[in-house]
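Peer 1:
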Amino acid sequence: MSAHALPPLQKPTATTAYTLRQAAQTYVGRTVLTIGQLAIRSGEILAVVGPSGTGKSTLLRLLAFLERAALGEMTFQGRACGPDWPDQPARRRVTMVVHPPQLLRRSVHDNVAYGLRVRGTRQPAQEVAAAIRQVGLTDLAGALAPTLSSGERQRVVLARALVLRSDVLLLDEPTANLDPGNVGLIEEIIRRRNGDSGTTVVMATHNVFQARRLAQRVVLLLNGCIVEIAPTEEFFQRPRHPQTAAFVRGDMTY
Amino acid sequence: MLVSALRHALELIVRGDPQLWEIVLLSLGVSGSALLLAALIGIPAGAWLGLRPFRGQAWLTTLVYTGMGFPPVVIGLLVYLLLSRQGPVGALDWLFTPTAMIMAQTILAVPLVTGVTMSAVRAVDPALRPQLRSLGATDRQIVRTVLTEARQGVLVGLVAGFGAAISEVGAVMLVGGNIEGRTRVLTTAIVLETRQGRFDVALALAAILFLLALVANALVVRLQTRLR
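Rendered as structure tokens:
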């Protein structure tokens with residue numbers, strides 16, 4: 001792999017959550033993601049934008065250690081993700097919320113308690129109740145989760161991730177197909193968690209307005225490649241790449 | 255005749271005929287044991303077959319499906335040959351014992367439990383598994399959770415397995431021998447009584463078999479609504 005010849009452009013430190021270099025992911029021979037290099041800072045909200053099928057979810061799954069890149073190098077919190085990666089403690093520092101939301105046929109409470117239970121917490125009632133309160137579902141704690149409305153379901157899966165207090169939160173389309181009330185509520189929860197706990201948030205969205213409202217940096221993916229990564233203001237006000245400008249204008253919204 | 259037979263059947267049941275009770279209890283004991291064994295084998299096997307693709311999976315699935323509809327009497331014959339004095343495990347002296355009947359019924363029920371569990375597990379959205387993994391679940395915990403999600407289907411598999419076990423005649427007759435007081439169960443007793451023209455007793459036994467099935471399934475349905 002020629003990647004070894006390249007000097008590391010950004011040295012992984014305590015302030016770097018992830019670095020990826022020359023990373024590529026392929027499914028049955030088709031390359032779906034090629035990342036020349038990408039560093040994700042600890043404590044930032046990074047929005048990954050781009051049209052559907054452009055590799056956003058694949059990138060999130062790599063960061064969640066749910067998949068291993070076919071090629072390239074990756075570090076997490078300063079450690080190289082070697083062949084025996086991920087170990088269970090590292091995996092449990094990162095929580096991804098997949099899209100569409102996946103709920104268990106159990107109560108809201110039991111859904112939110114799931115991650116704590118698999119970690120061996122016997123009576124997680126207090127933390128669970130607090131997380132459910134945070135997403136405004138206290139009255140529905142006993143309800144069967146899959147019977148809720150789509151906005152409520154999205155809030156359940158968010159609470160289920162929040163309760164774990166992981167270092168990194170990976171959110172795939174956290175507000176897709178939701179009404180403005182729910183969108184505002186969920187965005188506020190994400191913002192607050194990031195502000196209060198310094199949780200690193202990487203969120204995939206095809207909603208550029210959401211990226212602008214929430215993120216400190218934005219990265220545009222097109223056909224599995226990074227077109228531009230920049231601080232939010234710069235990304236929207238002075239995009240360097242014509243494709244970014246087009247995407248921001250909405251000419252490329254699918 | 256049907257009416258008088260039914261009346262006699264009712265009498266036998268109400269009176270609590272000791273011989274009758276022996277038959278009922280043996281039926282329940284044998285088929286219950288077979289169900290327990292089939293569950294212990296079939297549920298993990300079904301989960302394994304349903305959760306991850308592997309080489310030879312299609313072949314094994316075909317085998318399970320074939321087993322689901324296999325003629326029980328052939329299974330009875332195989333168990334007979336296995337346990338007969340000249341057979342590989344003839345020394346155990348299990349032929350014509352309840353153990354032999356449990357064996358036959360277990361072999362009969364395992365493909366049903368496995369096959370239905372497998373399809374129930376496959377019906378759970380595969381996207382659930384990476385989500386559980388990212389919530390911190392280990393492989394083992396993921397399998398347990400997926401089985402819990404598929405609980406309705408797994409329950410149906412157990413119902414089918416128990417139904418096949420308790421209603422089996424041919425295999426049980428072959429390996430059990432229908433020995434009075436030892437290996438006579440409801441189905442084999444019905445055959446015997448019918449052959450000897452004692453239709454009232456046969457009907458009484460049939461009524462009990464039907465009632466047992468009804469009660470067992472009523473319990474399952476209640477459990478099902480509780481599990482949702």
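Chains as they are written, first to last, in the numbering used here: chain D, 1 to 254; chain B, 255 to 482.
Just so it is clear, CB atoms sit at the ideal spot from N, CA and C, and this is done for glycine as well.
1) Here's the rule: buried if 16 or more other CB atoms are within 10 angstroms of the residue's CB, otherwise exposed. What is Arg436 (chain B)?
2) Compare the Cα-Cα distances from Ala293 (chain B) to each of B:Arg438, B:Thr448, B:Gly407, B:Leu412 and report the closest residue.
3) Nearest chain D C-beta to Ala391 (chain B) closer than 7 Å, yes or no?
4) In whole angstroms, what is the alpha-carbon distance linking Val97 (chain D) and Arg238 (chain D)?
5) Could you compute how far the alpha carbon of Ala145 (chain D) sits from the alpha carbon of Asn111 (chain D)?
6) Checking the sheet assignment: what are the DSSP bridge partners for Ala228 (chain D)?
7) Residues of the segment 95-108 of chain D in Cβ contact with chain B at a cutoff of 8 Å, in chain order, please.
8) Can you name the start and end residues of the beta strand (DSSP E) that Gly72 (chain D) belongs to?
9) Please report the residue range of the beta strand (DSSP E) in which Met203 (chain D) lies.
10) Quick check on Glu403 (chain B) - is its C-beta less than 7 Å from some C-beta in chain D?
11) According to DSSP, Gln25 (chain D) sits in a beta bridge with which residue or residues?
12) Kindly list, in the order they appear in chain B, the residues whose Cβ is closer than 9 Å to that of Ala64 (chain D).
13) What does the alpha-carbon distance come out to for the pair Ser389 (chain B) and Gln154 (chain D)?
14) Looking at C-alpha atoms only, which residue of D:Leu140, D:Ile40, D:Gly115 is the closest neighbour of Gln77 (chain D)?
15) Is the shortest distance between the beta-carbon of Ala301 (chain B) and the beta-carbons of chain D less than 7 Å?
16) Three or more C-beta pairs closer than 8 Å, one from the segment 24-32 of chain D and one from the segment 174-191 of chain D: is that the case here?
17) At the level of alpha carbons, what is the spacing between Leu362 (chain B) and Leu336 (chain B)?
18) Taking the straight line between their C-alpha atoms, what separation do you get for Thr13 (chain D) and Ile189 (chain D)?
19) At which residue ranges does the segment 263-336 of chain B contain complete alpha helix (DSSP H) runs of 4 or more residues, listed in the order of the chain?
20) For the beta strand (DSSP E) containing Ile45 (chain D), list its first residue and its last residue.
21) Taking the CB atoms as reference points, tell me whether Ser82 (chain D) and Ala24 (chain D) lie closer together than 7 Å.
22) Considering Leu486 (chain B), what are the terminal residues of the alpha helix (DSSP H) in which it resides?
23) Which same chain residues end up closer than 8 Å to Pro351 (chain B) when comparing Cβ atoms and leaving out the 5 residues on each side of it in sequence?
24) Taking the straight line between their C-alpha atoms, what separation do you get for Leu264 (chain B) and Ala456 (chain B)?
25) Going along the chain, which residues of the segment 107-141 of chain D sit with their C-beta nearer than 8 Å to a C-beta in chain B?
26) Could you tell me whether the Cβ of Arg68 (chain D) comes closer than 7 Å to any Cβ of chain B?
27) Fully enclosed by the segment 62-136 of chain D, which alpha helix (DSSP H) runs are 4 residues long or longer?
28) Pull up the distance between the alpha-carbon of Ala299 (chain B) and that of Gln395 (chain B), whole angstroms please.
29) By how many angstroms is the C-alpha of Ala354 (chain B) removed from the C-alpha of Phe464 (chain B)?
30) Counting only runs of 4+ residues fully inside the segment 346-386 of chain B, write out the alpha helix (DSSP H) ranges in chain order.
Peer 2: On the basis of the data shown:
1) As a first step, residue 436 (chain B) is located in the second sequence; it is residue number 182 there, counting from the start. Its Cβ having fewer than 16 others within 10 Å, Arg436 (chain B) is exposed.
2) Along the second sequence, one-based indexing puts residue 293 (chain B) at 39. Among B:Arg438, B:Thr448, B:Gly407, B:Leu412, the Cα nearest to that of Ala293 (chain B) belongs to B:Leu412.
3) What you label residue 391 (chain B) is simply residue 137 of the second sequence in a count that begins at 1. Closer than 7 Å to some Cβ of chain D, the Cβ of Ala391 (chain B) qualifies, so yes.
4) As a first step, residue 97 (chain D) is located in the first sequence; it is residue number 97 there, counting from the start. As a first step, residue 238 (chain D) is located in the first sequence; it is residue number 238 there, counting from the start. About 31 Å.
5) For this step, residue 145 (chain D) is matched to residue 145 along the first sequence. For this step, residue 111 (chain D) is matched to residue 111 along the first sequence. Distance between the alpha carbons of Ala145 (chain D) and Asn111 (chain D) is about 7 Å.
6) Translated into positions along the first sequence, residue 228 (chain D) becomes position 228. Checking the sequence shown, residue 228 (chain D) turns out to be Glu, not Ala. For Glu228 (chain D), which the question treats as bridged, DSSP gives the partners D:Leu220.
7) Correct list: Thr95, Met96, Val97, Val98, Pro100, Gln102, Leu104, Arg105.
8) For this step, residue 72 (chain D) is matched to residue 72 along the first sequence. Judged by DSSP secondary structure, Gly72 (chain D) falls within the beta strand (DSSP E) whose first and last residues are 71-76.
9) The residue labelled residue 203 (chain D) in the question sits at position 203 within the first sequence. Counting along the chain, the beta strand (DSSP E) containing Met203 (chain D) begins and ends at 200-205.
10) Here residue 403 (chain B) refers to the residue found at position 149 when the second sequence is read from its first residue. True, the Cβ-Cβ gap to chain D drops below 7 Å.
11) What you label residue 25 (chain D) is simply residue 25 of the first sequence in a count that begins at 1. BP columns for Gln25 (chain D) point to D:Leu33.
12) As a first step, residue 64 (chain D) is located in the first sequence; it is residue number 64 there, counting from the start. Neighbours of Ala64 (chain D) on chain B, chain order: Pro384, Arg387, Ser388.
13) Sequence index remark: in the second sequence, residue 389 (chain B) carries index 135 (1-based). Sequence index remark: in the first sequence, residue 154 (chain D) carries index 154 (1-based). One point to set straight first is that residue 389 (chain B) is Leu, not Ser, in the sequence displayed. Between Leu389 (chain B) and Gln154 (chain D), the C-alpha separation is close to 15 Å.
14) Position 77 of the first sequence, counted from the first residue, corresponds to residue 77 (chain D). Of the candidates D:Leu140, D:Ile40, D:Gly115, the one whose C-alpha sits nearest the C-alpha of Gln77 (chain D) is D:Ile40.
15) For the purposes of this step, residue 301 (chain B) is taken as residue 47 along the second sequence, with counting starting at 1. Not one chain D Cβ lies under 7 Å of Ala301 (chain B).
16) Result no; under three Cβ-Cβ pairs closer than 8 Å.
17) Counting from 1 along the second sequence, the entry for residue 362 (chain B) is found at position 108. Counting from 1 along the second sequence, the entry for residue 336 (chain B) is found at position 82. The C-alpha of Leu362 (chain B) lies about 15 Å from the C-alpha of Leu336 (chain B).
18) For this step, residue 13 (chain D) is matched to residue 13 along the first sequence. For this step, residue 189 (chain D) is matched to residue 189 along the first sequence. Any answer about Thr13 (chain D) is weak, because its pLDDT of 48 lies below 50 and its placement is not dependable; what the coordinates show is given next. Between Thr13 (chain D) and Ile189 (chain D), the C-alpha separation is close to 28 Å.
19) Look at the segment 263-336 of chain B and you find these whole runs of alpha helix (DSSP H), each 4 residues long or longer: 272-305, 311-322.
20) As a position in the first sequence, residue 45 (chain D) is number 45, starting the count at 1. If you look at Ile45 (chain D), you'll find it in the beta strand (DSSP E) that goes 45-49.
21) Position 82 of the first sequence holds residue 82 (chain D). Position 24 of the first sequence holds residue 24 (chain D). Here residue 82 (chain D) is Gly; the residue named in the question, Ser, does not match the sequence. Contact flag unset, no.
22) The structure shown does not extend to residue 486 (chain B), since chain B is modelled only from 255 to 482, so the question has no answer here.
23) Here residue 351 (chain B) is taken as the residue at index 97 of the second sequence, counted from 1. Note that residue 351 (chain B) is Thr in the sequence shown here, rather than Pro. These residues qualify, in order along the chain: Gly430, Arg436, Thr437.
24) The residue you call residue 264 (chain B) lines up with position 10 of the second sequence. The residue you call residue 456 (chain B) lines up with position 202 of the second sequence. In a straight line, the C-alpha of Leu264 (chain B) is about 12 Å away from that of Ala456 (chain B).
25) Among the residues of the segment 107-141 of chain D, those with a Cβ less than 8 Å away from any Cβ of chain B are Tyr114, Gly115, Val118, Arg119, in the order of the chain.
26) Walking along the first sequence from the start, residue 68 (chain D) turns up at place 68. Nearest CB-CB separation between Arg68 (chain D) and chain B: not below the 7 Å threshold.
27) For the segment 62-136 of chain D, whole alpha helix (DSSP H) runs of length 4 or above, ordered along the chain, are 88-91, 108-118, 125-134.
28) Along the second sequence, read from residue 1 onward, the residue named residue 299 (chain B) stands at position 45. Along the second sequence, read from residue 1 onward, the residue named residue 395 (chain B) stands at position 141. So the two alpha carbons sit approximately 16 Å from each other.
29) The count along the second sequence starts at 1 and reaches residue 464 (chain B) at position 210. The count along the second sequence starts at 1 and reaches residue 354 (chain B) at position 100. The straight-line gap from Cα to Cα measures roughly 24 Å.
30) Listed in chain order, they are 352-376.
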